[in-house]
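**Q** Below are the structure tokens for one structure; questions will follow.
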Ligand code: NAD
């Protein structure tokens, strides 16, 4: 029986994304079956952790025989909601926004870029990645027309809350926030912060504390 998703740890969801990458690569390499031990080694977690993470969502694989790779790939995609395409809008088409828009593999990863928005009159009307940058005042209409579900925030930190408010008002359900600031949204909207500078600071800590790497594994 499927587990109540309200009690699944968010670390499990992060690990599922890693498991999906591993089984997708196995499948692309023509591998038909795998084991928790193999997945554990590749994901740098224990085999017990793999079985525990998957057990939140049902029974996968057969004792002694492991997992059928295409089935496991499909099941993890289903758990993650990746059996459909998600439509994305980017708010703030500066250095980061434009680089993300030009990322060629959006579609492969079940995400389709459908809208670019900015406030700068010098940017509105320009073409980036085949899409015309629209003024933010057109967000509500285009979210509705294009069925956009997800918004990226790539505006300066002081404008991030305004961008979030505009996305929420337009009916967006999830936000990937690249601005290094906390944004407030209603309970039903999910925000995922993305911050490579935070990653760099964690890296600095692990470089000056090399003995802690061992304990992580
Ligand atoms: P940028 O100045 O090049 O671009 C910002 C764009 O947002 C501009 O085009 C501007 O006109 C537009 N804008 C400003 N206010 C707006 C609003 N209210 N609505 C719509 N558009 C608006 O900035 P950048 O270098 O691309 O950085 C964007 C954000 O990403 C910043 O918050 C920056 O701190 C952050 N950042 C994040 C990471 C990360 O790892 N997540 C790394 C670097 C920078």
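Numbering (our numbering), first residue to last: 194 to 410. From the three backbone atoms N, C-alpha and C, an ideal C-beta is built for every residue, glycine too.
1. Under the three-state reduction of DSSP, which class applies to residue 209: helix, strand or coil?
2. Listed in chain order, which residues are found with a beta carbon closer than 6 Å to a heavy atom of the ligand FAD?
3. Name the residue from 352, 272 and 206 whose alpha carbon lies nearest to the alpha carbon of residue 253.
4. Fully enclosed by the stretch 300-354, which beta strand (DSSP E) runs are 3 residues long or longer?
5. If we count Cβ pairs, one from each stretch, closer than 8 Å, do we get three or more for the stretch 232-251 versus the stretch 211-224?
6. Between residue 445 and the rest of its own chain, which residues show a CB-CB distance below 7 Å, the 5 nearest in sequence each way excluded?
7. Rounded to the nearest angstrom, how far is the Cβ of residue 284 from that of residue 347, given a contact under 8 Å?
8. Hey, residue 368 and residue 387 are a contact pair by Cβ (cut 8 Å); roughly how many whole angstroms apart?
9. Just to check my reading of the structure: residue 342 and residue 279 have Cβ atoms closer than 8 Å, yes? What is that Cβ distance to the nearest angstrom?
10. Spatial neighbours of residue 294 within its chain, please: C-beta separation below 8 Å, excluding the five flanking residues on both sides.
11. What separation, rounded to the nearest whole angstrom, lies between the Cα atoms of residue 290 and residue 206?
12. Do you know offhand how far residue 410's Cα is from residue 355's?
13. Exposed or buried, what is residue 227 when buried is set at 16 or more other beta-carbons lying within 10 Å of its beta-carbon?
14. Between the Cα of residue 223 and the Cα atoms of 251, 262, 243 and 396, which residue gives the shortest distance?
15. For a test of the three-state rule: what should DSSP assign to residue 392, helix, strand or coil?
**A** Looking at the coordinates:
1. Within the chain shown, residue 209 is the residue found at index 16, counting from 1. Helix at residue 209.
2. Absence of the ligand FAD from the depicted structure is noted, with the ligand NAD being the only ligands included.
3. Taking the chain shown and counting its residues from 1, one reaches residue 253 at position 60. Of the listed residues, the one whose Cα sits closest to residue 253 is 272.
4. 304-311, 324-328 and 343-346
5. yes
6. Limits of the chain in this structure are 194 at one end and 410 at the other, which puts residue 445 out of reach.
7. Along the chain shown, read from residue 1 onward, the residue named residue 284 stands at position 91. Along the chain shown, read from residue 1 onward, the residue named residue 347 stands at position 154. About 7 Å separates the two Cβ atoms, so the contact holds.
8. For the purposes of this step, residue 368 is taken as the residue at position 175 of the chain shown. For the purposes of this step, residue 387 is taken as the residue at position 194 of the chain shown. The Cβ separation is near 10 Å, so there is no contact.
9. Mapped onto the chain shown, residue 342 falls at position 149. Mapped onto the chain shown, residue 279 falls at position 86. Yes, residue 342 and residue 279 are in contact; Cβ-Cβ is about 5 Å, under 8 Å.
10. Residue 294 sits at position 101 when you count from the first residue of the chain shown. Contacts found: 283, 286, 306, 309, 321, 322 and 324.
11. Locating residue 290 in the chain shown gives position 97, counting from the first residue. Locating residue 206 in the chain shown gives position 13, counting from the first residue. For residue 290 and residue 206, the distance between alpha carbons rounds to 26 Å.
12. Numbered from its first residue, the chain shown carries residue 410 at position 217. Numbered from its first residue, the chain shown carries residue 355 at position 162. Because residue 410 sits at a pLDDT of 45, beneath the cut-off of 50, its placement in the model cannot be relied upon, and the following sentence gives the value as read from the coordinates. Rounded to the nearest angstrom, the two C-alpha atoms are 41 Å apart.
13. Position 34 of the chain shown, counted from the first residue, corresponds to residue 227. With 16 or more other Cβ atoms within 10 Å, it is buried.
14. Translated into positions along the chain shown, residue 223 becomes position 30. Ranking 251, 262, 243 and 396 by Cα distance to residue 223 puts 262 first.
15. Your numbering for residue 392 matches position 199 in the chain shown. Residue state, collapsed to three classes: helix.
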